[in-house]
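Encoded as structure tokens, the structure appears first; notes follow it.
In this note's numbering, the protein residues as written are 826 to 1090.
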């Protein structure tokens, strides 16, 4: 039986469209996550970035791979219901940690998060993957947008750098150019969300987010998890996150001392 937070329809939708809304997934952890985000912004990690050019209004902060140094995030990773829900959505016996990600758009930040797939940035490959994107503030206009079915596209989308807007791996025939889902009439899924709700999406689901032109903050916490078939793969260049010194070989499962097993069915 699925977790009490989801139904078989959630699972079927996730498998078919690569994205589904899970209401209240982190509702019991909102205060802790907010505290963790405040600490993270005051004490940025080595991958922290400010994603606005000179003259662009607001603030767009992001940082990742901090759960082991921020206790509030570690609590969510180890004890929230996200791991059991992930196992159900991925149809996986086990769930392995990959990384956490914080994205904050302060009031008056008009810059959108560019359309992208997460998978091409990562050194993992597999069908059983899930990202949870959860706002810590009620969102309407600044919510996540996902293209239904894009996780099944034959070619992955070429990853780009958000600030410089250049290609991550230079021009490479293995990847397709970034599409324009609005102009091309693609089926976009987006929802108004309350704090603690979560959008679950596959690593290969094309997604982006609108700017935050409201007078309210938009703090989002993401959790990236892996299933049974996830394996290490080499990319044409430096991945993001890079995890230097991991010493893994293509085809291996990710090392469990760095990427612990969080759930075993």
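By construction, the Cβ of each residue, glycine as well, lies at the ideal position given by its N, Cα and C atoms.
Item to complete: Put residue 876 into one of helix, strand or coil per three-state DSSP.
Response: DSSP, read as helix, strand or coil, puts residue 876 in coil.
Worksheet item: To which residues of the same chain is residue 1126 closer than 7 Å at the C-beta, ignoring the five residues directly before and after it?
Response: Given that the chain is displayed from residue 826 to residue 1090, the structure contains no residue 1126 and the question cannot be resolved.
Worksheet item: Count the other CB atoms within 10 Å of the CB of residue 896; is the residue buried (16 or more) or exposed (fewer)?
Response: Exposed is the call here.
Worksheet item: Under the DSSP definition of a beta bridge, which residues are partnered with residue 889?
Response: As a beta-bridge residue in DSSP terms, residue 889 pairs with 926.
Worksheet entry | Cutoff 8 Å; reference residue 993; Cβ partners in own chain excluding five residues on either side | The answer, listed in chain order, is 945, 946, 983, 984, 985, 986, 1062 and 1065.
Fill in: Simplified DSSP assignment, three categories, for residue 961
Residue state, collapsed to three classes: coil.
Worksheet item: Going by the CB atoms, is the gap between residue 844 and residue 1024 shorter than 8 Å?
Response: In this structure, residue 844 lies closer than 8 Å to residue 1024 by Cβ.
Worksheet item: If we count the other Cβ atoms within 10 Å of its Cβ and call it buried at 16 or more, is residue 857 buried or exposed?
Response: The residue in question, residue 857, is buried, as its Cβ has 16 or more Cβ neighbours within 10 Å.
Item to complete: Flag this pair as yes or no: are the beta carbons of residue 915 and residue 886 separated by less than 8 Å?
Response: Cβ atoms of residue 915 and residue 886: not closer than 8 Å.
Worksheet entry | residue 896 - containing alpha helix (DSSP H), residue span | Unbroken alpha helix (DSSP H) run through residue 896: 896 to 904.
Item to complete: Use the C-beta contact count for residue 1103: other C-beta atoms within 10 angstroms, 16 or more gives buried, fewer gives exposed.
Response: Because the chain in this structure spans residues 826 to 1090, residue 1103 falls outside the shown range and cannot be described.
Fill in: Continuous beta strand (DSSP E) stretch holding residue 1107: start and end
The structure shown does not extend to residue 1107, since the chain is modelled only from 826 to 1090, so the question has no answer here.
Practice prompt. Throw me the rounded Cβ distance for the residue 1018 and residue 960 pair, which I believe falls under 8 Å.
Written response: About 5 Å; that satisfies the 8 Å criterion.
Worksheet item: Would DSSP call residue 868 helix, strand or coil?
Response: DSSP, reduced to helix, strand and coil, places residue 868 outside both helices and strands of the structure shown, so it counts as coil.
Worksheet item: So residue 1078 packs on residue 966, CB below 8 Å; how close in whole Å?
Response: Their Cβ separation, rounded to whole angstroms, is 40 Å, which puts residue 1078 and residue 966 out of contact at 8 Å.
Worksheet item: On the three-state DSSP scale, how would you describe residue 1041?
Response: When secondary structure is reduced to three states using DSSP, residue 1041 falls in the coil class, being assigned neither helix nor strand.
Item to complete: From the DSSP output, in three-state form, read off residue 945 for me.
Response: Three-state result, residue 945: helix.
Practice prompt. Helix, strand or coil for residue 973, going by three-state DSSP, please let me know.
Written response: Residue state, collapsed to three classes: coil.
Worksheet item: For residue 1035, which option in 1085, 904, 932 and 1009 has the closest C-alpha, if you only look at C-alpha atoms?
Response: The residue with the shortest Cα to Cα distance from residue 1035 is 932.
Worksheet item: Are the Cβ atoms of residue 962 and residue 884 separated by less than 8 Å?
Response: No, Cβ-Cβ distance for residue 962 and residue 884 is not below 8 Å.
Discussion item. Going by beta-carbon coordinates alone, are residue 918 and residue 1090 separated by less than 8 Å?
Written reply: Yes. Within cutoff.
Practice prompt. Please name the residue in 1055, 1056, 1083 and 1060 whose C-alpha comes closest to that of residue 1068.
Written response: Cα-wise, what sits closest to residue 1068 is 1083.
Discussion item. Distance check for residue 1050 and residue 951, CA to CA, integer angstroms please.
Written reply: In this structure, the alpha-carbon of residue 951 lies about 11 Å from that of residue 1050.
Worksheet item: If you follow the beta strand (DSSP E) that residue 1025 is part of, which residue opens it and which one closes it?
Response: For residue 1025, the enclosing beta strand (DSSP E) starts and ends at 1023 to 1026.
Fill in: residue 862 versus 1015, 1044 and 1021, residue with shortest Cα-Cα distance
Just measuring C-alpha positions, the residue of 1015, 1044 and 1021 sitting nearest residue 862 is 1044.
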